[in-house]
Each structure stands twice: as structure tokens, then as C-alpha cells.
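In my numbering, the protein residues as written are 5 to 250. Cβ atoms here follow ideal geometry from the backbone N, Cα and C, with glycine treated the same way. No experiment lies behind these values; they were computed from the predicted model shown.
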Amino acid sequence: MEQPEDMASLSEFDSLAGSIPATKVEITVSCRNLLDKDMFSKSDPLCVMYTQGMENKQWREFGRTEVIDNTLNPDFVRKFIVDYFFEEKQNLRFDLYDVDSKSPDLSKHDFLGQAFCTLGEIVGSPGSRLEKSLTIGAFSLNSRTGKPMPAVSNGGVPGKKCGTIILSAEELSNCRDVATMQFCANKLDKKDFFGKSDPFLVFYRSNEDGTFTICHKTEVMKNTLNPVWQTFSIPVRALCNGDYDR
């Protein structure tokens, strides 16, 4: 079965003993008040998550969120699903970039800041929700080798605060159900001055603590007040973590 598009690929945290208790945890990323690197618009942020090897201590890329255009306050739809080993300290790093082209090479994009934490910090925070300041230190870490390099090479200002990253975690259920849905709307409000609206839908799931987390976005339908969005399929655990009464 293929991995859904809104979830980063599973990865191993080195060769750990199979007897270590583990559960799968889904990490959701949001940011607030990011640096604005674009002259005529807002930044187009991307978040890259890294895990640190248990033995060699090197950082390696785990996955990337989608790019969200023109915002300093992104709520990323794509999640990171990781194995949580109860007896292990699992170091994580989150790097934010302003994407300026379609190049997958991160050095081609503006560095917006980074944050470090452990998976246990996120899970153990009230409501499994951790907020940390994004910073650009005197040195950044090379994304491939994990070795320090001057942050100014990425366009950063050493020591400057760069906004906040919000990390939420939830243990995943074993639900394998998939929901298929289609939505339409009629007679929407006209919001564009010279044309009709360009509507899209955003879905949020209810969390156990009463907050809401983004879980899906439809495509944008251009210049219409009567949109019919494409049919889409989504894992039920992405909508409600398998709890149909949530």
C-alpha cells in the first residue's frame, strides 16, 4: 500500500533492539511569525525534519512538509510519522526554509531558522503540544554531515529570533479504514473585485485536548461560485485517529 501524500515516509532510527517497546506517533508542524525573506510578498515556507543517529550522532533528513505559498504562519498538512521508543532519547531537528524555486537542494533556498528537541519532549508536553523559538545561531548545521557551518551563509542573522514552531504529537491507532469523499458548494460569496472567487476547502480534525489540527486541503477551483471539488481519499486515522465519535 502506498503512503498517503500528506504523511512523510517512515524511517528507522538506527538498528534498535526489536524488544524495545515502540509506538507510532504522528507529528504535526505549525509556525508563527516567520522571517519574511521575499521583497514583494511573504515567505513560502517549508519544514525539514531531521533525526540524529543513536550511535554516530549524525543528523539525517527524515522528511519534508509541503511548501505553503505566501505566509508567515503556516499550518502544514503533511505529517511526520515516527517510531517512538520509550527507553531511547530521540533527538529531532526542524529547519525552516523560504522556497524560491523548485530545486530540491536546500542550499538554493533562504534559511529561516531551526529548533531542536526530543520526541519525548513533544509527547510529554501538556496536550502533547510543544512550542519552541526558532533561532539562527552563530552556526547552523550542514544538512548532510551534521557539522557546523556559519549561519550567515544561509542568509541568517546570528542569534536572531525567527518566530515560533509548534509541534503536536498523537499516538496513532491501528485503524486502517479509508474515507472517500467529495464536496461541492453553491452560490458562494464573491470575494474577488474583478472576477469570481477561487474557493478551496480546509479540513481540521478535533484533538483530544479540544484543539484542532489541519488534516487536508482540497485543490483551488478558479473563478467560480459553484465549485465541485475532486473526489479524494484520506485515512480515517488522519481525520479522527480511528475514533468515529470524535
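Secondary structure at R68, three-state DSSP: helix, strand or coil?
-> Within the sequence shown, the letter at position 64 stands for residue 68. Three-state result, R68: strand.
When you compare only the Cα positions, how much space is there between F1 and G124?
-> Given that the chain is displayed from residue 5 to residue 250, the structure contains no residue 1 and the question cannot be resolved.
At which residue ranges does the stretch 74-143 contain complete beta strand (DSSP E) runs of 3 or more residues, listed in the order of the chain?
-> 84-89, 95-102, 114-122 and 133-140
Pull up the distance between the alpha-carbon of T228 and that of L171, whole angstroms please.
-> Start at 1 with the first residue of the sequence shown, and residue 228 comes out as number 224. Start at 1 with the first residue of the sequence shown, and residue 171 comes out as number 167. Straight-line Cα distance between these residues: approximately 36 Å.
Kindly list the residues whose CB is nearer than 8 Å to the CB of M225, restricted to its own chain and excluding five residues on each side of it in sequence; keep chain order.
-> In the sequence shown, the residue the question calls residue 225 occupies position 221. Contacts found: D202, P203, F204, P231, V232 and W233.
Same chain, Cβ closer than 6 Å to D104, five either side skipped, listed in chain order = Within the sequence shown, residue 104 is the residue found at index 100, counting from 1. So the qualifying residues of the chain are H113.
How many Å lie between C121 and P49 at the Cα?
-> Here the question's residue 121 lines up with position 117 in the sequence shown. Here the question's residue 49 lines up with position 45 in the sequence shown. Looking at the two C-alpha atoms, the distance is approximately 20 Å.
Hey, could you find the ends of the beta strand (DSSP E) A189 is sitting in?
-> The sequence position of residue 189 within the sequence shown is 185, counting from 1. A189 -> no beta strand (DSSP E), and no H or E assigned at all.
Could you give the C-beta distance for G167 and L138, rounded to a whole number, given that I count them as a contact under 8 Å?
-> As a first step, residue 167 must be located in the sequence shown, where it is residue number 163. As a first step, residue 138 must be located in the sequence shown, where it is residue number 134. So it is a contact: roughly 5 Å between Cβ atoms.
Take A21 and list the residues in its own chain whose beta-carbon comes closer than 7 Å to its own, dropping the five residues that flank it on each side.
-> Taking the sequence shown and counting its residues from 1, the one referred to as residue 21 is at position 17. Any reading at A21 needs caution, since the residue's pLDDT is 42, under 50, leaving its predicted position unreliable; the model's value is listed next. So the list is empty, once near-sequence residues are dropped.
Would you say the stretch 52-67 touches the stretch 82-99, given that touching needs at least three Cβ pairs under 8 Å?
-> yes
Quick one: using the 10 Å Cβ neighbour count with 16 as the cut-off for buried, is E30 buried or exposed?
-> Mapped onto the sequence shown, residue 30 falls at position 26. Buried is the call here.
Check C51 in the structure and name its three-state DSSP category.
-> Locating residue 51 in the sequence shown gives position 47, where the first residue counts as 1. Here C51 sits in strand by DSSP.
List the endpoints of the continuous alpha helix (DSSP H) containing R241.
-> As a working note, residue 241 is residue 237 in the sequence shown. It spans V240 to C244 - the alpha helix (DSSP H) in which R241 sits, taken as one unbroken run.
Contact set for C188: own chain, Cβ-Cβ below 8 Å, skip 5 residues either direction = As a first step, residue 188 is located in the sequence shown; it is residue number 184 there, counting from the start. Contacts found: N230, P231, V232 and W233.
For my contact list, K41 and N74 are in at a C-beta cut-off of 8 Å; report their separation, rounded to the angstrom.
-> Here residue 41 corresponds to residue number 37 of the sequence shown, with the count starting at 1. Here residue 74 corresponds to residue number 70 of the sequence shown, with the count starting at 1. Not confirmed; about 12 Å, so no contact.
Would you identify the three-state DSSP class for G199, choosing helix, strand or coil?
-> Taking the sequence shown and counting its residues from 1, one reaches residue 199 at position 195. Of the three classes helix, strand and coil, the one that applies to G199 here is coil, per DSSP.
Report back the beta-carbon spacing between L39 and G128 to the nearest angstrom; my notes put them in contact at under 8 Å.
-> On the sequence shown, residue 39 is found 35 positions in, with the first residue counted as 1. On the sequence shown, residue 128 is found 124 positions in, with the first residue counted as 1. L39 to G128, Cβ: 29 Å. No contact.
Considering only residues of the same chain and omitting the five flanking positions on each side of G246, which have a CB-CB separation below 8 Å?
-> As a working mapping, residue 246 is identified with position 242 in the sequence shown. Same-chain partners within the cutoff: S177, N178, C179, D181 and V240.
With distances taken Cα to Cα, identify the nearest neighbour of S237 among C219, K194, R250 and A119.
-> The count along the sequence shown starts at 1 and reaches residue 237 at position 233. That would be C219, whose Cα lies nearest to the Cα of S237.
Between the Cα of L136 and those of T235, I169 and N60, spot the shortest distance and give me the residue it belongs to.
-> Counted from its first residue, the sequence shown places residue 136 at position 132. The question names Leu, but residue 136 is Lys in the sequence shown. With distances taken between Cα atoms, K136 lies closest to I169.
Check whether Y101 and F80 have beta carbons under 8 Å apart = Residue numbering aside, residue 101 sits at position 97 when the sequence shown is read from its first letter. Residue numbering aside, residue 80 sits at position 76 when the sequence shown is read from its first letter. The answer is no: Cβ separation not under 8 Å.
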